[in-house]
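Each remark here refers to the structure printed beneath this line.
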Amino acid sequence: MGFKNCNLYDKIILGKPKTIKDLTFIPILDITFEGYNKFGYFFGGSISPKAFIVIDSVGVVSFYNLTDDISPSDLLNSTTLTAEEE
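Take 1 as the starting number for the sequence shown in the working numbering and just add one per residue.
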């Protein structure tokens with residue numbers, strides 16, 4: 001007797017870059033919007049950070065993965081870069 005879950009929207013996107021002093025941080029976010037059905041419909045959503053790209057003033061790029069459930073290369077390959085790709 002469980003809920004039936006269906007993902008209505010599930011994308012990995014690049015967040016808005018934020019510059020602090022000489023460092024630019026670009027978050028990679030997982031956005032999910034789900035619907036649940038048992039005795040009616042319930043909707044919920046979540047935004048969770050997956051990784052950060054950090055660029056310093058010299059142009060050196062660093063990648064910091066925050067989760068172990070996906071490799072960095074798979075994470076970058078699954079990222080939606082623009083709204084037109086949806």
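Glycine residues also receive a C-beta, built at the ideal position from the N, C-alpha and C atoms.
Next item on the list: Over the uninterrupted beta strand (DSSP E) stretch that includes residue 17, give me the two end residues.
Entry: Under the DSSP assignment, residue 17 falls outside any beta strand (DSSP E); it carries neither an H nor an E label.
Notebook entry, point to check: Taking the continuous alpha helix (DSSP H) assigned at residue 73, which residues delimit it?
Noted result: Element bounds for residue 73: 72-77.
Check: Measuring CB to CB, does residue 51 end up less than 8 Å from residue 63?
Finding: Contact flag set, yes.
Next item on the list: Quick one: using the 10 Å Cβ neighbour count with 16 as the cut-off for buried, is residue 66 buried or exposed?
Entry: The residue is exposed, with fewer than 16 neighbouring Cβ atoms inside 10 Å.
Note to self: So, for residue 33: in the same chain, excluding its five sequence neighbours on each side, which residues have a beta-carbon less than 6 Å away from its beta-carbon?
What the structure shows: The answer, listed in chain order, is 8, 9 and 45.
Check: In terms of alpha-carbon separation, which member of 74, 23, 18 and 16 lies closest to residue 57?
Finding: For residue 57, the nearest C-alpha among the options comes from 23.
Checklist line | Buried/exposed call for residue 1, threshold 16 Cβ in 10 Å | finding: Here residue 1 scores only 45 on pLDDT, less than 50, and its place in the model is too uncertain to base an answer on.
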